[in-house]
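Under this note's numbering, the first residue of the sequence shown is numbered 45, with each subsequent residue one higher. Note that beta-carbon positions come from the ideal geometry of N, C-alpha and C, so glycine has one too.
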Amino acid sequence: MGSAGAESADMYTRNFKTVMEQEGIYHLLSGDDKVPLPSGDEKTICLLFSANWSRPCKAFIPQLVQAYNKLKDTGQELEVIFVSFDRDENGFKEHMKCMPWLVVPFDVSIQKTLGNMCKVNQIPAFIPLEVDANLLAKDAVGMIKDYGADAFPFTQKRQQELKALDESKLQGGKLDELFENCSFVSGKGEKICASDLVGKTIGLYFGAHWCPPCRDFTSQLIEAYNDIISDKYQDFEVIFISTDRDHKEFDLSISKMPWLAIPYNNKTRQDICRIFEVKWIPSLIFLGPNGNIVSTNGREMVSLYGAKGFPFTEAKILQVESLLKKEGEGLPQQVMDRKHEHILKLEMAKAYICDFCKKRGSFWTFSCDVCGYDLHPTCIEETL
Ligand SMILES: [Zn+2]
Ligand SMILES: [Zn+2]
45 MGSAGAESAD MYTRNFKTVM EQEGIYHLLS GDDKVPLPSG DEKTICLLFS
95 ANWSRPCKAF IPQLVQAYNK LKDTGQELEV IFVSFDRDEN GFKEHMKCMP
145 WLVVPFDVSI QKTLGNMCKV NQIPAFIPLE VDANLLAKDA VGMIKDYGAD
195 AFPFTQKRQQ ELKALDESKL QGGKLDELFE NCSFVSGKGE KICASDLVGK
245 TIGLYFGAHW CPPCRDFTSQ LIEAYNDIIS DKYQDFEVIF ISTDRDHKEF
295 DLSISKMPWL AIPYNNKTRQ DICRIFEVKW IPSLIFLGPN GNIVSTNGRE
345 MVSLYGAKGF PFTEAKILQV ESLLKKEGEG LPQQVMDRKH EHILKLEMAK
395 AYICDFCKKR GSFWTFSCDV CGYDLHPTCI EETL
């Protein structure tokens, strides 16, 4: 591929400069200063197509700024050039305020020409000019969102490398690789790192304060967690992986949690979400003592079985279920209780609140068809 690829990349760069000059534009902006058009000889030039009116653009720019600064700090020869898709100059000026890189002066005609040259059909678009279009990653924007500075040089090859790395972290069972460069915070202010957790069953809890089902689930998990760790022979830890929108919400989230969390500003948070392909919250994934995934269905296991399900292996769950079945077989199909005027029938319920002792129950309940009254089997006082 070598020489052919290099040739077409070269042409692409010359096109940029030529296209600009044909449009009568002989300089770029760097803040308030005018700078000459880059020749493209020394640096990888990437065009960023973006607009202030677009929400996805506004969300992407801070991520790109972070990646850009990191690449600059590590000495990568990279230049980003912003091509505005704004409708007017005010939007353009507002948008470029948050950009540390070079900017094509606002010009409707150059927007079109460069957009066509790079076949832009949505924004934000991020197009490295030096790289042969055939070798480029399909979605450089997505790649930067996922991997930050590691996405450089935005090629398909790099994308495959990064995916392979994710896969090996997922399958490798090595906590220090999974939580590389991350020490966890806890409500008690201790600093704990991945090597301290080796050999434990670990729950990776994905949630956020803004999500009401997460708040409900957090309280169920706290109950199970406290039950499990009250037995000193059971090695268990939970790590909260926040998808909170800001640091304030994150602080609210962890204020009630007795377990560990990845600090809000640590990128490992996003990495873990990506590696485990978490699609919704709340979500709970269990890793066994050897670091491998035991269950991705932890949320249901904890809501159903609480601490009884520990260590949440398939075998343990089957055992719990068969015990429950046996327990059900030992109960009557229906009863009259002195506290309630209707017949109560034996039923399976995922979760309920006992109307007598007001505590949570799961599985067997004596339940009223007429008014929804529930009793724990242990709270029944039968009348004849
Ligand atoms: Zn009860
Ligand atoms: Zn009733």
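Confirm, please, whether the CB-CB distance from residue j to residue i is below 8 angstroms.
i: residue 307; j: residue 375; result: no
i: residue 394; j: residue 348; result: yes
i: residue 114; j: residue 192; result: yes
i: residue 126; j: residue 152; result: no
i: residue 111; j: residue 236; result: no
i: residue 246; j: residue 331; result: yes
i: residue 154; j: residue 95; result: no
i: residue 284; j: residue 249; result: yes
i: residue 81; j: residue 171; result: no
i: residue 219; j: residue 195; result: no
i: residue 400; j: residue 368; result: no
i: residue 379; j: residue 356; result: no
i: residue 222; j: residue 281; result: no
i: residue 146; j: residue 74; result: yes
Count the other C-beta atoms from every protein chain shown that fall within 10 angstroms of the C-beta of residue i, then say buried if there are 16 or more, exposed otherwise.
i: residue 133; result: exposed
i: residue 123; result: buried
i: residue 326; result: buried
i: residue 208; result: exposed
i: residue 258; result: buried
i: residue 165; result: exposed
i: residue 215; result: exposed
i: residue 313; result: buried
i: residue 274; result: exposed
Closest to residue i by CA distance: which of the options is it?
i: residue 390; options: 372, 398 and 403; result: 372
i: residue 157; options: 69, 83, 244 and 110; result: 69
i: residue 413; options: 291, 388, 198 and 253; result: 388
i: residue 397; options: 384, 386 and 411; result: 411
i: residue 427; options: 138, 337 and 384; result: 384
i: residue 105; options: 140, 130 and 87; result: 140
i: residue 341; options: 333, 76 and 358; result: 358
i: residue 103; options: 269, 61, 186 and 150; result: 186
i: residue 59; options: 182, 162, 198 and 370; result: 162
i: residue 321; options: 213, 71, 333 and 256; result: 213
i: residue 291; options: 253, 324, 137 and 244; result: 253
Just to check my reading of the structure: residue i and residue j have Cβ atoms closer than 8 angstroms, yes? What is that Cβ distance to the nearest angstrom?
i: residue 174; j: residue 89; result: 6 angstroms
i: residue 303; j: residue 230; result: 7 angstroms
i: residue 278; j: residue 272; result: 5 angstroms
i: residue 99; j: residue 190; result: With 8 angstroms as the limit, residue 99 and residue 190 do not qualify as a contact, their Cβ atoms being about 19 angstroms apart.
i: residue 217; j: residue 309; result: That belief does not hold up - the Cβ atoms of residue 217 and residue 309 are roughly 27 angstroms apart, past 8 angstroms.
According to DSSP, is residue i part of a helix, a strand, or is it coil?
i: residue 315; result: helix
i: residue 188; result: helix
i: residue 289; result: coil
i: residue 80; result: strand
i: residue 346; result: helix
i: residue 381; result: strand
i: residue 423; result: helix
i: residue 112; result: helix
i: residue 392; result: strand
i: residue 235; result: strand
i: residue 281; result: strand
i: residue 387; result: strand
i: residue 179; result: coil
i: residue 306; result: coil
i: residue 131; result: coil
i: residue 47; result: Its pLDDT being 40, under 50, residue 47 is placed unreliably by the model, and the measurement read from it follows with that caveat. Residue 47 falls in the helix class under three-state DSSP.
i: residue 257; result: helix
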